[in-house]
(Lines of atoms letter the chains of each structure in order from A; the text may use other names.)
(Lines give C-alpha, C1' and ligand atoms only; values in the text may rest on other atoms or scores of the structure.)
Protein backbone atom coordinates (compact mmCIF):
# COMPACT_ATOMS: atom_id res chain seq x y z
CA UNK A 22 0.00 0.00 0.00
CA UNK A 23 2.79 2.43 0.93
CA UNK A 24 4.66 1.83 -2.33
CA UNK A 25 1.57 2.30 -4.47
CA UNK A 26 0.50 5.36 -2.47
CA UNK A 27 3.84 7.07 -3.17
CA UNK A 28 3.51 6.18 -6.84
CA UNK A 29 0.12 7.82 -6.84
CA UNK A 30 1.51 10.96 -5.21
CA UNK A 31 4.18 11.09 -7.93
CA UNK A 32 1.53 10.86 -10.63
CA UNK A 33 -0.50 13.60 -8.91
CA UNK A 34 2.46 16.00 -8.92
CA UNK A 35 3.27 15.25 -12.57
CA UNK A 36 -0.36 15.80 -13.59
CA UNK A 37 -0.44 19.07 -11.70
CA UNK A 38 2.73 20.27 -13.40
CA UNK A 39 1.14 19.40 -16.76
CA UNK A 40 -2.02 21.48 -16.23
CA UNK A 41 -1.10 23.90 -19.05
CA UNK A 42 -0.85 20.91 -21.43
CA UNK A 43 -3.87 19.04 -20.07
CA UNK A 44 -6.11 22.11 -20.01
CA UNK A 45 -7.86 21.36 -23.29
CA UNK A 46 -7.90 17.57 -22.91
CA UNK A 47 -9.67 17.06 -19.61
CA UNK A 48 -12.96 16.08 -21.22
CA UNK A 49 -11.15 13.13 -22.85
CA UNK A 50 -9.26 12.13 -19.68
CA UNK A 51 -11.92 12.49 -16.98
CA UNK A 52 -15.44 11.07 -16.86
CA UNK A 53 -18.13 11.81 -14.28
CA UNK A 54 -20.58 9.71 -12.31
CA UNK A 55 -23.33 11.32 -10.25
CA UNK A 56 -23.68 14.66 -12.03
CA UNK A 57 -27.37 14.62 -11.14
CA UNK A 58 -26.29 15.53 -7.60
CA UNK A 59 -24.67 18.72 -8.92
CA UNK A 60 -27.70 19.54 -11.01
CA UNK A 61 -30.06 19.16 -8.04
CA UNK A 62 -27.83 21.41 -5.92
CA UNK A 63 -27.89 24.12 -8.59
CA UNK A 64 -31.66 23.84 -8.91
CA UNK A 65 -32.07 24.28 -5.15
CA UNK A 66 -29.96 27.47 -5.41
CA UNK A 67 -28.00 26.99 -2.18
CA UNK A 68 -24.74 25.99 -3.80
CA UNK A 69 -22.90 23.03 -2.31
CA UNK A 70 -20.05 22.29 0.05
CA UNK A 71 -17.86 19.88 -1.92
CA UNK A 72 -15.69 17.80 0.38
CA UNK A 73 -12.71 15.87 -0.89
CA UNK A 74 -9.62 14.44 0.68
CA UNK A 75 -6.02 14.24 -0.40
CA UNK A 76 -7.20 11.35 -2.50
CA UNK A 77 -6.29 10.60 -6.09
CA UNK A 78 -5.55 13.60 -8.28
CA UNK A 79 -7.72 16.01 -6.31
CA UNK A 80 -6.57 19.16 -8.08
CA UNK A 81 -7.29 17.55 -11.45
CA UNK A 82 -10.78 16.70 -10.21
CA UNK A 83 -11.44 20.36 -9.43
CA UNK A 84 -10.18 21.47 -12.81
CA UNK A 85 -12.31 18.88 -14.62
CA UNK A 86 -15.36 19.96 -12.61
CA UNK A 87 -14.87 23.57 -13.69
CA UNK A 88 -14.35 22.60 -17.33
CA UNK A 89 -17.57 20.64 -17.13
CA UNK A 90 -19.24 24.01 -16.63
CA UNK A 91 -19.86 24.06 -12.87
CA UNK A 92 -19.08 27.18 -10.78
CA UNK A 93 -16.41 26.09 -8.32
CA UNK A 94 -14.19 27.84 -5.80
CA UNK A 95 -11.38 26.31 -3.75
CA UNK A 96 -10.92 27.16 -0.09
CA UNK A 97 -7.13 27.25 0.17
CA UNK A 98 -4.50 27.79 2.82
CA UNK A 99 -1.17 29.45 2.11
CA UNK A 100 1.78 27.19 1.38
CA UNK A 101 4.96 27.84 3.36
CA UNK A 102 6.86 28.24 0.09
CA UNK A 103 5.33 31.33 -1.51
CA UNK A 104 6.68 30.44 -4.96
CA UNK A 105 4.83 27.13 -4.78
CA UNK A 106 1.75 28.89 -3.40
CA UNK A 107 1.71 31.36 -6.29
CA UNK A 108 2.23 28.59 -8.84
CA UNK A 109 -0.65 26.54 -7.45
CA UNK A 110 -3.04 29.49 -7.48
CA UNK A 111 -2.01 30.45 -11.03
CA UNK A 112 -2.77 26.93 -12.19
CA UNK A 113 -6.14 26.97 -10.45
CA UNK A 114 -7.09 30.33 -11.92
CA UNK A 115 -5.88 29.24 -15.35
CA UNK A 116 -8.46 26.44 -15.10
CA UNK A 117 -11.17 28.94 -14.14
CA UNK A 118 -11.31 27.95 -10.48
CA UNK A 119 -12.10 30.68 -7.96
CA UNK A 120 -9.85 31.14 -4.93
CA UNK A 121 -11.05 31.78 -1.39
CA UNK A 122 -8.15 32.40 1.01
CA UNK A 123 -8.36 30.76 4.42
CA UNK A 124 -8.00 34.11 6.22
CA UNK A 125 -11.22 35.41 4.67
CA UNK A 126 -12.94 32.05 4.67
CA UNK A 127 -16.18 32.80 6.50
CA UNK A 128 -17.29 35.76 4.40
CA UNK A 129 -15.97 34.30 1.12
CA UNK A 130 -17.52 30.85 1.53
CA UNK A 131 -20.92 32.13 2.62
CA UNK A 132 -21.00 34.64 -0.24
CA UNK A 133 -20.09 31.93 -2.77
CA UNK A 134 -22.74 29.52 -1.48
CA UNK A 135 -25.40 32.23 -1.55
CA UNK A 136 -24.40 32.92 -5.15
CA UNK A 137 -25.16 29.25 -5.89
CA UNK A 138 -21.52 28.26 -6.31
CA UNK A 139 -19.75 25.09 -5.25
CA UNK A 140 -17.01 25.52 -2.64
CA UNK A 141 -14.47 22.69 -2.51
CA UNK A 142 -12.63 21.91 0.71
CA UNK A 143 -10.13 19.23 1.71
CA UNK A 144 -11.11 17.82 5.08
CA UNK A 145 -8.92 14.85 5.91
CA UNK A 146 -6.01 16.28 7.91
CA UNK A 147 -5.47 16.72 11.63
CA UNK A 148 -7.18 19.88 12.95
CA UNK A 149 -5.53 19.96 16.36
CA UNK A 150 -7.41 21.20 19.42
CA UNK A 151 -9.92 23.17 17.34
CA UNK A 152 -11.28 20.21 15.39
CA UNK A 153 -14.32 18.01 15.77
CA UNK A 154 -13.19 14.62 17.07
CA UNK A 155 -14.74 11.80 15.05
CA UNK A 156 -13.98 8.15 14.41
CA UNK A 157 -11.65 7.36 11.50
CA UNK A 158 -10.46 3.78 11.06
CA UNK A 159 -11.37 3.02 14.67
CA UNK A 160 -9.36 5.86 16.19
CA UNK A 161 -10.40 9.37 17.30
CA UNK A 162 -9.38 11.91 14.67
CA UNK A 163 -9.53 15.70 14.98
CA UNK A 164 -11.18 17.01 11.82
CA UNK A 165 -11.84 20.57 10.56
CA UNK A 166 -15.23 21.91 11.63
CA UNK A 167 -15.52 24.38 8.75
CA UNK A 168 -17.19 22.25 6.07
CA UNK A 169 -19.99 21.09 8.37
CA UNK A 170 -20.40 24.54 9.94
CA UNK A 171 -20.77 26.23 6.54
CA UNK A 172 -23.28 23.64 5.35
CA UNK A 173 -25.40 23.92 8.49
CA UNK A 174 -25.33 27.73 8.48
CA UNK A 175 -26.39 28.11 4.85
CA UNK A 176 -28.47 24.98 4.27
CA UNK A 177 -26.13 23.94 1.45
CA UNK A 178 -25.76 20.20 0.85
CA UNK A 179 -22.51 18.38 1.54
CA UNK A 180 -21.38 16.43 -1.52
CA UNK A 181 -18.39 14.10 -1.29
CA UNK A 182 -16.25 13.85 -4.43
CA UNK A 183 -13.59 11.29 -5.33
CA UNK A 184 -11.40 10.75 -8.39
CA UNK A 185 -10.40 7.18 -9.26
CA UNK A 186 -7.69 6.05 -11.67
CA UNK A 187 -8.78 3.52 -14.26
CA UNK A 188 -6.61 0.93 -15.97
CA UNK A 189 -7.00 2.59 -19.38
CA UNK A 190 -5.26 5.79 -18.32
CA UNK A 191 -8.48 7.71 -17.79
CA UNK A 192 -9.96 8.82 -14.48
CA UNK A 193 -13.47 8.76 -13.07
CA UNK A 194 -14.94 11.38 -10.74
CA UNK A 195 -17.61 9.98 -8.43
CA UNK A 196 -20.04 12.44 -6.86
CA UNK A 197 -21.82 10.93 -3.87
CA UNK A 198 -25.40 11.75 -2.93
CA UNK A 199 -25.78 14.84 -0.71
CA UNK A 200 -25.33 14.31 3.02
CA UNK A 201 -27.80 15.87 5.44
CA UNK A 202 -28.41 15.32 9.14
CA UNK A 203 -31.36 15.91 11.43
CA UNK A 204 -30.46 19.17 13.13
CA UNK A 205 -30.91 19.73 16.87
CA UNK A 206 -30.47 22.63 19.27
CA UNK A 207 -26.87 21.59 19.89
CA UNK A 208 -24.74 23.29 17.24
CA UNK A 209 -21.47 21.60 18.22
CA UNK A 210 -23.04 18.15 18.24
CA UNK A 211 -24.64 18.79 14.84
CA UNK A 212 -21.23 19.78 13.45
CA UNK A 213 -19.69 16.63 14.90
CA UNK A 214 -22.46 14.40 13.50
CA UNK A 215 -22.17 15.86 10.01
CA UNK A 216 -18.37 15.66 10.15
CA UNK A 217 -18.62 12.02 11.20
CA UNK A 218 -21.05 11.30 8.36
CA UNK A 219 -18.73 12.50 5.60
CA UNK A 220 -15.60 11.14 7.32
CA UNK A 221 -17.19 7.68 7.27
CA UNK A 222 -17.71 8.01 3.50
CA UNK A 223 -14.05 8.97 3.08
CA UNK A 224 -12.99 5.96 5.17
CA UNK A 225 -15.02 3.67 2.92
CA UNK A 226 -13.22 4.98 -0.18
CA UNK A 227 -9.80 4.72 1.44
CA UNK A 228 -10.55 1.09 2.31
CA UNK A 229 -11.55 0.42 -1.30
CA UNK A 230 -8.71 2.41 -2.88
CA UNK A 231 -5.94 2.55 -0.24
CA UNK A 232 -3.27 3.53 -2.78
CA UNK A 233 -5.22 6.72 -3.64
CA UNK A 234 -4.97 8.36 -0.22
CA UNK A 235 -2.15 10.57 1.11
CA UNK A 236 -0.97 8.33 3.96
CA UNK A 237 2.21 10.31 4.89
CA UNK A 238 0.16 12.92 6.76
CA UNK A 239 0.01 12.23 10.51
CA UNK A 240 -3.77 12.06 10.57
CA UNK A 241 -4.10 11.17 14.27
CA UNK A 242 -1.20 13.18 15.69
CA UNK A 243 -3.26 15.28 18.13
CA UNK A 244 -5.58 12.50 19.30
CA UNK A 245 -3.53 9.28 19.38
CA UNK A 246 -0.23 9.19 21.22
CA UNK A 247 2.65 6.87 20.50
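Residue numbers (my numbering): 22 to 247.
Ideal Cβ placement from N, Cα and C applies to all residues, glycine included.
Predicted model, so just to flag it, every value in this text is computed and none were measured.
Please name the residue, chosen from 152, 150 and 70, that lies closest to residue 94 on a Cα-to-Cα basis. As a first step, residue 94 is located in the chain shown; it is residue number 73 there, counting from the start. Closest option to residue 94, Cα to Cα, is 70.
Sorted by chain position, which residues of the same chain lie with C-beta nearer than 8 Å to residue 197's C-beta, five sequence neighbours on each side aside? Locating residue 197 in the chain shown gives position 176, counting from the first residue. Cβ within range, chain order: 55, 58, 180, 181, 182, 183 and 222.
In this structure, how does DSSP classify residue 234 when only helix, strand and coil are distinguished? The sequence position of residue 234 within the chain shown is 213, counting from 1. In this structure, DSSP gives residue 234 an extended state, which the three-state scheme calls strand.
Taking 8 Å as the threshold (C-beta atoms), are residue 238 and residue 29 in contact? If you number the chain shown from 1, residue 29 lands on position 8. If you number the chain shown from 1, residue 238 lands on position 217. Not a contact, by the Cβ cut-off of 8 Å.
What would DSSP say about residue 147, mapped onto helix, strand or coil? Counting from 1 along the chain shown, the entry for residue 147 is found at position 126. Correct three-state label for residue 147: coil.
For residue 173, count the other beta carbons within 10 Å of its own beta carbon; 16 or more makes it buried, fewer makes it exposed. Which is it? In the chain shown, counting from the first residue as 1, residue 173 sits at position 152. When all chains shown are included, residue 173 counts as buried.
Report the residue from 175, 199 and 225 whose alpha carbon sits nearest the alpha carbon of residue 159. Counting from 1 along the chain shown, the entry for residue 159 is found at position 138. Among 175, 199 and 225, the Cα nearest to that of residue 159 is on 225.
Work out the CA separation of residue 39 and residue 47 for me, nearest whole Å. Counting from 1 along the chain shown, the entry for residue 47 is found at position 26. Counting from 1 along the chain shown, the entry for residue 39 is found at position 18. Looking at the two C-alpha atoms, the distance is approximately 11 Å.
Thinking just about the alpha-carbon of each residue, which of 67, 44, 123 and 235 is nearest to the one in residue 114? Translated into the one-based positions of the chain shown, residue 114 becomes position 93. With respect to the C-alpha of residue 114, the residue from 67, 44, 123 and 235 having the closest C-alpha is 44.
Residue 123 and residue 96: beta carbons closer than 8 Å? On the chain shown, position 102 is the one that residue 123 refers to. On the chain shown, position 75 is the one that residue 96 refers to. Yes, Cβ-Cβ distance for residue 123 and residue 96 is below 8 Å.
I think residue 146 touches residue 240, with their Cβ atoms under 8 Å apart; what is that distance to the nearest whole Å? Translated into positions along the chain shown, residue 146 becomes position 125. Translated into positions along the chain shown, residue 240 becomes position 219. Going by Cβ atoms, the distance from residue 146 to residue 240 rounds to 7 Å, so yes, they are a contact pair.
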